[in-house]
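In our numbering, the protein residues as written are 87 to 1112.
Here's the structure we're looking at; comments come further down.
Shown next, in the form of structure tokens:
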């Protein structure tokens, strides 16, 4: 490492790099060459001999092997790219090269490109870039050099930021090479301490190069750099050269800097080379757009254009461009100078049928508003009838007349529509005279003193126009504010000169100084009052924007150079005055910027919020339509089944996604999942019941026939079947009820259930079972666990028809304690395996008992195989505490031994509908949850009789069906039944309803009636019924 430092110091001392380094211009020839090989070599040698900085690209191509390239040994820096291609030499002596800046790249990618440097006998063997330490922009391409072997072993990561492509003998691409690296290259970046943000001259944290260094250094100062990252100013690397103007804090003005220098490539020079132009603080080869070249004090400078920048355009009069017409009018856009003449002939204005040129639109003649000078003549022999003057040339100041039409340079003839010339800016006709004739309506021309405009002694020919006397009679005279020099037309702005005063080209009657001059643009205009006291920015009465000291400015000084190299930052206060920022500020005051950024951010967030709402609303609408399409539209299961509206489908296994396990029963498990219809992206939440059928499976046609019946069911109190999946195990897909089962709800909310809701549920279950009865479907497994909540006030029956799917043959359905719900089954179903709608009535009675007992299990302490014997003896479930004898007797009727004596579902629906109109009369409930008022003790709550929209998936899809629920569930009159049996009611105490405290310990599967009947009499009653 010590040897490394010594070598760097010696190189620094011997090179004398910063003492006015010779600069030369590079080339842009790429792979092409000029002249013979000898001439090409001589041009290269002449260009780069003694050169240290190449301003541009270093291109060495098509050179032979026996040539001497020692003249390249002085080059230390290349601002563009280096191209070494198609040569035969073995080594290139670029040993002093340290930096390639890459301001321009070969093929827009490579700062160093070396390829195809060999022939049959020789070729490039050594790059010779022993001191190259940094490539600021661009990558490295070294390919197809047959004899080059060492390039892959260079530590390119220490030199270049972009990609490195090496492909010579062996086809490889090197990005981050991890093998042993070549030690002949100086490493100044990858060995640095983490505290260094660039190069270093050692491995310690205090051995970092200055941030302005490029290519390494020999010390920490900005004067110890091998090369500069930005510019070199007097042996020091700095971000920029001294500005031409500095801010004076006493005068609040930018003043010339006596130490100003200009950036020429990467060095600061006191004067730009002769073929360069000064633009601000830089030397440029040409002015940028919006500026023009102007020589000032012997120095060529770029200055902003006032209005349009000069643009020279070709005139007319040549054989291919005889007149201005619609085919060439656009070529005069933004022209300020016409090189030649302008001719307006009848073929241009009216159109040329032979050449298929349409007539010229008068509106397009406004392109000549920018023309200030014509070097030839202005010849107008035809003009649009819509235009009464030549005001489209309102900016024309000079007609030079270098080429004349006979002796004339301004010709206006035979234009009957002209009433005035309107050339109020024309001040000079350098050569030639004026020819204005046969314009029968033209006035004002006789008032003009042509001697002030036309130079020379030529005579003008102005005749056969409208007589002066007639013009004066018609009032076509100059404005009184015009002088005796005449005018170009009506109005004070058409005067050649003013009688009194002029303000911005318009004559006025009076002015304090004789001529109205414009105030500074930063002055605040004051109508009817004095705006300024002079033309300077410090003479304003008030500023339109901000004030810096006595001067009106558009923005406060921010980052401008001050005296002694200081940087000035100011901010505007509330009064609009520019105040200095705190000394610790480095980037000025950001308050205004932060305020604007915050306001813009709020607007962006608001816009994003609105767009997000609209987007989500669109998604919701599309999802709603998709759900309506899949959940409400009916279609046949089989194409042959026409006219049958079936809501269920045969689904594929890949259309279903199982998620959370909701529960399990005697026939399988139930999962929450999603149905994703094939070819659609909508996800429909569903319940998937997987049935374990180990005893035999029906055929596909049998299952389809059964699903044809189940899938066609559509009722408010029946869970709709959406489809069936015939995979490894049978899967039934139904609507998802997010509120769960009725049994679970009863147990979790028993303290807040009121009589109205319980009786409504009884009505709904009875009507749903009556709907199944009408469609000849026996449920076989009705229980509270198989009743789901669509909302807190609506229940739906599920799991109907499952047994029929698995066991259509009664012989397959044998007695099993695990698969038979013994405690809910009728006695004939247990003993004789006979299932009818009347056996479902028995199960309905047990379900009502579960509801009135808040989810208690029937015969909780008994084994299922003991239940049949108990039922044969006449024992039944006990009366729940909240039930009056009226409700309990309805349950008892459902448990009659003779199935023909049991009530039908139609009768049950009518009976519970009647009770639901006066709930406290039939159920005695005390609502224990204080969040709910004890309405069961005071009367039916009418609010519970209204339909409450739940959070079910289809709540927004079944509005029509829900209206039917409102009418059918709570407010319909009783069904027409046969004459009812005795409705004499035995009450527990009296007719008056009282709130009782319910305890589960009083429920017994061996009932004991809490009224005057003895247990023996009840048993006798049941034996009699049997």
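Every residue, glycine too, gets a C-beta built ideally from N, C-alpha and C.
Notebook entry, point to check: If you count every other CB in all the chains shown that lies within 10 Å of the CB of residue 699, and 16 or more means buried, which is it?
Noted result: Sequence index remark: in the chain shown, residue 699 carries index 613 (1-based). So residue 699 ends up on the exposed side.
Check: Considering only the beta carbon of each residue, do residue 179 and residue 214 sit closer than 8 Å?
Finding: The sequence position of residue 179 within the chain shown is 93, counting from 1. The sequence position of residue 214 within the chain shown is 128, counting from 1. For residue 179 and residue 214, yes; Cβs fall inside 8 Å.
Check: Under 8 Å, do residue 748 and residue 773 count as touching if we go by C-beta distance?
Finding: Stepping through the chain shown from its first residue, residue 748 is reached at position 662. Stepping through the chain shown from its first residue, residue 773 is reached at position 687. Contact: yes.
Next item on the list: Output the boundary residues of the beta strand (DSSP E) element that contains residue 853.
Entry: In the chain shown, the residue the question calls residue 853 occupies position 767. Unbroken run through residue 853 is the alpha helix (DSSP H), 841 to 860; no beta strand (DSSP E).
Note to self: Going by beta-carbon coordinates alone, are residue 181 and residue 159 separated by less than 8 Å?
What the structure shows: Here residue 181 refers to the residue found at position 95 of the chain shown. Here residue 159 refers to the residue found at position 73 of the chain shown. Going by C-beta atoms, residue 181 is nearer than 8 Å to residue 159.
Notebook entry, point to check: Can you tell me whether DSSP reads residue 634 as helix, strand or coil?
Noted result: Working through the chain shown from its first residue, we reach residue 634 at position 548. Strand at residue 634.
Check: When the Cα atoms are used, what is the spatial distance from residue 64 to residue 496?
Finding: Residue 64 falls outside the range modelled here, since the chain spans only 87 to 1112, and no answer is possible.
Check: Could you give the C-beta distance for residue 199 and residue 169, rounded to a whole number, given that I count them as a contact under 8 Å?
Finding: Residue 199 sits at position 113 when you count from the first residue of the chain shown. Residue 169 sits at position 83 when you count from the first residue of the chain shown. At roughly 5 Å, the Cβ-Cβ gap stays under 8 Å, so residue 199 and residue 169 are in contact.
Check: From the DSSP output, which residues share a beta bridge with residue 365?
Finding: Working through the chain shown from its first residue, we reach residue 365 at position 279. In the DSSP output, where bridge partners are listed per residue, residue 365 has 368.
Margin query: For a test of the three-state rule: what should DSSP assign to residue 1118, helix, strand or coil?
Written below: Not covered by the structure: residue 1118. The range shown for the chain is 87 to 1112.
Next item on the list: Determine, using beta-carbon pairs with one atom in the stretch 635 to 649 and one in the stretch 322 to 338, whether at least three such pairs fall under 8 Å.
Entry: yes
Item checked: Range of the contiguous beta strand (DSSP E) that encloses residue 131 -> On the chain shown, residue 131 is found 45 positions in, with the first residue counted as 1. Taken as a continuous stretch (DSSP letters only), residue 131 belongs to no beta strand (DSSP E), being part of the alpha helix (DSSP H) at 123 to 134.
Next item on the list: Would you kindly check if the distance between the Cβ of residue 809 and the Cβ of residue 743 is under 8 Å?
Entry: Taking the first residue of the chain shown as 1, we reach residue 743 at position 657. Taking the first residue of the chain shown as 1, we reach residue 809 at position 723. Not in contact: residue 743 and residue 809 (Cβ atoms no closer than 8 Å).
Checklist line | Bridge partners - residue 199, DSSP secondary structure assignment | finding: Here residue 199 corresponds to residue number 113 of the chain shown, with the count starting at 1. Answer by DSSP bridge pairing, in chain order: 169 and 227.
Margin query: Just to confirm my understanding: we take residue 204, look at its own chain, exclude 5 residues before and 5 after, and list those with CB closer than 6 Å. What are they?
Written below: Here residue 204 corresponds to residue number 118 of the chain shown, with the count starting at 1. 232 and 233.
Margin query: Give me the residue from 144, 802, 278 and 564 with the minimum Cα distance to residue 534.
Written below: The sequence position of residue 534 within the chain shown is 448, counting from 1. Per the Cα distances, 564.
Checklist line | residue 183 versus 617, 174, 836 and 216, residue with shortest Cα-Cα distance | finding: The residue labelled residue 183 in the question sits at position 97 within the chain shown. Among 617, 174, 836 and 216, the Cα nearest to that of residue 183 is on 216.
Next item on the list: Tell me whether residue 816 sits in a helix, a strand or coil according to DSSP, three-state version.
Entry: Within the chain shown, residue 816 is the residue found at index 730, counting from 1. Here residue 816 sits in strand by DSSP.
Next item on the list: Ignore the nearest five residues each way along the sequence and tell me which others in residue 1059's own chain have a CB closer than 6 Å to its CB.
Entry: Numbered from 1 along the chain shown, position 973 holds the residue referred to as residue 1059. In this predicted model, residue 1059 has a pLDDT of only 32, less than 50, meaning its place in the structure is not dependable; the value taken from the coordinates is given anyway. Once the five neighbours on either side are set aside, residue 1059 has no close Cβ partner at all.
Check: Hey, quick one: how far does the alpha helix (DSSP H) through residue 938 stretch, first residue to last?
Finding: Locating residue 938 in the chain shown gives position 852, counting from the first residue. 923 to 938 is the extent of the alpha helix (DSSP H) around residue 938.
Item checked: Whether residue 827 touches residue 871 by CB criterion (8 Å) -> Against the chain shown, residue 827 aligns to sequence position 741. Against the chain shown, residue 871 aligns to sequence position 785. Yes, these two residues count as a Cβ contact at 8 Å.
Next item on the list: Could you work out which residue in 666, 970 and 464 is closest to residue 1004 when comparing CA atoms only?
Entry: For the purposes of this step, residue 1004 is taken as the residue at position 918 of the chain shown. It is 970 whose Cα lies nearest to the Cα of residue 1004.
Notebook entry, point to check: Distance, Cα to Cα, residue 363 vs residue 348?
Noted result: Reading the chain shown from its first residue, position 277 is the one you call residue 363. Reading the chain shown from its first residue, position 262 is the one you call residue 348. Taking the straight line from one Cα to the other gives about 10 Å.
Next item on the list: Using three-state DSSP, classify residue 625 as helix, strand or coil.
Entry: Along the chain shown, one-based indexing puts residue 625 at 539. Residue 625: coil per DSSP, three-state reduction.
Item checked: Coarse secondary structure for residue 979, derived from DSSP in three states -> Here residue 979 refers to the residue found at position 893 of the chain shown. It is helical.
Next item on the list: Would you mind stating whether residue 1011 and residue 997 have Cβ atoms separated by less than 8 Å?
Entry: Walking along the chain shown from the start, residue 1011 turns up at place 925. Walking along the chain shown from the start, residue 997 turns up at place 911. In this structure, residue 997 does not lie closer than 8 Å to residue 1011 by Cβ.
Check: Thinking just about the alpha-carbon of each residue, which of 149, 821, 313 and 306 is nearest to the one in residue 119?
Finding: Taking the chain shown and counting its residues from 1, the one referred to as residue 119 is at position 33. It is 149 whose Cα lies nearest to the Cα of residue 119.
Check: Ends of the alpha helix (DSSP H) at residue 964?
Finding: For the purposes of this step, residue 964 is taken as the residue at position 878 of the chain shown. Run containing residue 964: none; DSSP gives neither H nor E here.
Next item on the list: Measure the alpha-carbon distance for residue 208 versus residue 235 and round it to whole angstroms.
Entry: As a first step, residue 208 must be located in the chain shown, where it is residue number 122. As a first step, residue 235 must be located in the chain shown, where it is residue number 149. Approximately 14 Å, taken between the alpha carbons.
Margin query: Here's the rule I'm using: 16 or more other beta-carbon atoms within 10 Å means buried, otherwise exposed. How should residue 551 be labelled?
Written below: If you number the chain shown from 1, residue 551 lands on position 465. Answer is buried; the Cβ neighbour count reaches 16.
Notebook entry, point to check: Below 8 Å between beta carbons: does that hold for residue 296 and residue 278?
Noted result: By 1-based counting over the chain shown, the position of residue 296 is 210. By 1-based counting over the chain shown, the position of residue 278 is 192. Their beta carbons are not under 8 Å apart, which means residue 296 does not touch residue 278 by this criterion.
Next item on the list: Pick out whichever of 936, 637 and 400 has its Cα sitting closest to the Cα of residue 337.
Entry: Residue mapping note: residue 337 aligns to position 251 of the chain shown, counting from 1. Cα-wise, what sits closest to residue 337 is 637.
Check: Looking only at its own chain, which residues have a Cβ that is under 6 Å from the Cβ of residue 172, when we skip the five neighbours before and after it?
Finding: Here residue 172 refers to the residue found at position 86 of the chain shown. Excluding positions up to five away in sequence, the list reads 147, 148 and 202.
Note to self: Is the beta carbon of residue 422 closer than 8 Å to that of residue 390?
What the structure shows: Position 304 of the chain shown, counting from 1, holds the residue named residue 390. Position 336 of the chain shown, counting from 1, holds the residue named residue 422. The answer is no: Cβ separation not under 8 Å.
Margin query: Mapping the DSSP letters down to three states, classify residue 483 as helix, strand or coil.
Written below: As a first step, residue 483 is located in the chain shown; it is residue number 397 there, counting from the start. The answer is coil: DSSP assigns residue 483 none of H, G, I, E or B.
Next item on the list: Could you tell me if residue 220 is buried or exposed, where buried requires 16 or more neighbouring beta carbons within 10 angstroms of its beta carbon?
Entry: The residue given as residue 220 occupies position 134 in the chain shown. With 16 or more other Cβ atoms within 10 Å, it is buried.
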